Amino acid sequence: MIFFIFQAVLLGVVLMIFARRSGRYDLYLTLFTAVWVLAVIVIRFIYGVDHASFYSSDQGTQIVLLDQFIDQGVSLSLDRFIGGRYIVVAPVWLLNTIGFDSLLAFKFFQALSLLFTYRVCSDFIRSQGIQIKLWHSILFSGPLFIFLSALGLRDLQIVLCVSYFYLGQVPLLRFVALGVSGLLRPHLTVALIFAWLVGQWLKRHPLKRAPLALIAITIVTFVVGGFGFALGGFFKYKNNYVSPKLFTQEAWWRFFANLLGLQFLTFGRDVVRLTVPQLLALRLFFVDTFMIPILFIFTLLNKKLAYSALRTEVFTAFVFFLGLVSQTNFNSSRQNLPFLSIMGVLALLGILQARKLDAES
Numbered sequence: 001m002i003f004f005i006f007q008a009v010l011l012g013v014v015l016m017i018f019a020r021r022s023g024r025y026d027l028y029l030t031l032f033t034a035v036w037v038l039a040v041i042v043i044r045f046i047y048g049v050d051h052a053s054f055y056s057s058d059q060g061t062q063i064v065l066l067d068q069f070i071d072q073g074v075s076l077s078l079d080r081f082i083g084g085r086y087i088v089v090a091p092v093w094l095l096n097t098i099g100f101d102s103l104l105a106f107k108f109f110q111a112l113s114l115l116f117t118y119r120v121c122s123d124f125i126r127s128q129g130i131q132i133k134l135w136h137s138i139l140f141s142g143p144l145f146i147f148l149s150a151l152g153l154r155d156l157q158i159v160l161c162v163s164y165f166y167l168g169q170v171p172l173l174r175f176v177a178l179g180v181s182g183l184l185r186p187h188l189t190v191a192l193i194f195a196w197l198v199g200q201w202l203k204r205h206p207l208k209r210a211p212l213a214l215i216a217i218t219i220v221t222f223v224v225g226g227f228g229f230a231l232g233g234f235f236k237y238k239n240n241y242v243s244p245k246l247f248t249q250e251a252w253w254r255f256f257a258n259l260l261g262l263q264f265l266t267f268g269r270d271v272v273r274l275t276v277p278q279l280l281a282l283r284l285f286f287v288d289t290f291m292i293p294i295l296f297i298f299t300l301l302n303k304k305l306a307y308s309a310l311r312t313e314v315f316t317a318f319v320f321f322l323g324l325v326s327q328t329n330f331n332s333s334r335q336n337l338p339f340l341s342i343m344g345v346l347a348l349l350g351i352l353q354a355r356k357l358d359a360e361s
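Under full-length UniProt numbering, the first residue of the sequence shown is numbered 1, with each subsequent residue one higher.
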């Protein structure tokens with residue numbers, strides 16, 4: 001345990017090095033680093049060597065993939081590269097070879113991804129002439145992100161890719177981010193590309209009667225996403241084609257639950273043991289899970305705000321992605337996570353601009 005604490009503190013020092021910019025330490029990143037170090041130590045203390053069992057079984061999957069990477073070596077097969085999560089596993093392997101706890105290494109790269117996501121988002125906000133305040137971080141690097149950084153998953157690497165694809169300053173790196181997202185979660189990349197194509201079309205054909213047009217885009221995009229999942233499974237696994245279940249109450253109930261960050265309302269007791277009141281109370285702590293989507297939709301409907309076209313593109317990608325995942329049995333707050341940072345940034349910019357316009361009028 002003492003050696004684990006030493007490793008956690010050492011990695012925390014590395015995070016602090018990355019947190020320093022222009023000779024100064026960012027307040028959010030400093031607080032985040034302290035919370036992260038404390039969180040990973042507490043989880044390890046409570047769960048012991050079995051700390052991979054905390055919250056998500058996918059942490060155990062990551063360990064299995066690392067063991068396979070060590071035992072079987074690198075394969076040049078694209079399916080193996082994606083399925084083996086080489087992009088996530090290879091850096092962890094490097095730390096593991098010099099003695100770091102493997103799960104702690106996974107957590108470190110999650111934390112590092114959140115750190116860079118915060119920097120990408122905050123740099124973009126500052127470029128709009130806005131001074132970053134601590135409460136702003138709730139909308140793009142809030143409690144849910146911090147919690148997941150203490151888990152050995154891959155979610156925050158995906159968030160970083162999506163955030164940079166939309167907000168990054170270097171065009172070449174934006175396409176690199178898109179490519180990396182394809183190696184981490186291919187169907188998400190399909191959603192991003194589809195939405196980009198829709199965005200290019202909308203530049204030539206701007207929306208008229210915005211609320212009705214958005215409803216039409218929502219329905220069509222959700223359906224296309226569902227059929228995309230069915231066709232993808234047909235061509236990849238050579239199974240019999242199964243038509244997606246899209247025009248059902250269950251599919252659209254799940255869509256609206258995800259849209260509002262209330263996915264747990266679609267779960268049965270076999271999935272979540274907590275009661276609905278307990279889950280609602282938990283949402284008050286992870287306030288970003290529902291605050292970001294709701295505020296984003298609020299600003300999406302106001303076409304007078306800056307970055308209206310980008311909001312529409314992000315919304316299209318989000319709906320397409322929900323259409324894809326609606327055909328799976330798995331659903332959680334992590335389904336929305338890839339889009340939460342970019343949604344939060346656009347919601348924040350919209351809210352601040354709306355307040356400024358109200359003050360001027």
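Every residue, glycine too, gets a C-beta built ideally from N, C-alpha and C.
This one's a predicted model, so the numbers in the text were calculated from it and none came from an experiment.
So what's R119 in DSSP terms, helix, strand or just coil? helix
R269 versus I70: straight-line alpha-carbon distance, rounded: For R269, the predicted structure reports a pLDDT of 48, less than 50, and the residue's modelled location is therefore unreliable. A value from the coordinates is still provided. Taking the straight line joining both Cα atoms gives about 38 Å.
Looking at R174: is its Cβ nearer than 8 Å to the Cβ of Y164? yes
For D26, collect the residues of the same chain with a Cβ closer than 6 Å to its Cβ; drop the 5 residues on either side in sequence, then sort them by chain order. A19
8 Å CB neighbourhood of Y307 in its chain, flanking five on each side removed: L346, L349 and G350
Assuming D79 is part of the alpha helix (DSSP H), what are its boundary residues? L78 to G83
With a threshold of 16 other CB atoms inside 10 Å of the CB of I98, please say whether the residue is buried or exposed. exposed
Can you tell me which of the three DSSP states R269 falls into? Any reading at R269 must be qualified, since the residue scores a pLDDT of 48, below 50, and its modelled position is unreliable; no value is offered.
State the start and end residues of the unbroken alpha helix (DSSP H) segment that holds S141. I138 to S141
Enumerated in chain order, which unbroken segments of the alpha helix (DSSP H) with a length of 4 residues or greater are wholly contained in the region 119–194? 138–141, 143–149, 155–167 and 171–184
Going by C-alpha distance, which of Y86, P91, L337 and F227 is nearest Q327? F227
Distance, I87 Cα to L184 Cα: 7 Å
Just to confirm my understanding: we take R126, look at its own chain, exclude 5 residues before and 5 after, and list those with CB closer than 8 Å. What are they? I132
State the Cα-Cα distance for the pair R254 and G23, rounded to the nearest angstrom. 47 Å
Taking DSSP as the reference, what is the three-state secondary structure of Y47? helix
Expressed to the nearest angstrom, what Euclidean distance is found between the alpha-carbon atoms of I215 and L259? 14 Å
Using only alpha-carbon positions, find the residue among G73, M16 and W196 that is nearest to A309. W196
Decide if F106 is buried, meaning its Cβ has at least 16 other Cβ atoms within 10 Å, or exposed. buried
Provide the residue(s) that pair with Y25 in DSSP beta bridges, ordered along the chain. R20
Would I138 and V287 qualify as a contact pair, given that the criterion is a beta-carbon distance under 8 Å? yes
Taking the alpha helix (DSSP H) that A317 belongs to, which residues open and close that run? S308 to V325
Thinking F222 and V325 are a contact (beta carbons under 8 Å), I'd like their distance in whole angstroms, please. With a Cβ gap of about 11 Å, F222 and V325 do not count as contacting.
Own chain residues within Cβ distance below 6 Å of G12, not counting five before or after: T33 and V37
Taking all protein chains shown into account, decide if residue 371 is buried (16 or more other Cβ within 10 angstroms of its Cβ) or exposed. With the chain represented from 1 up to 361, any question about residue 371 goes unanswered, as that position is not in the structure.
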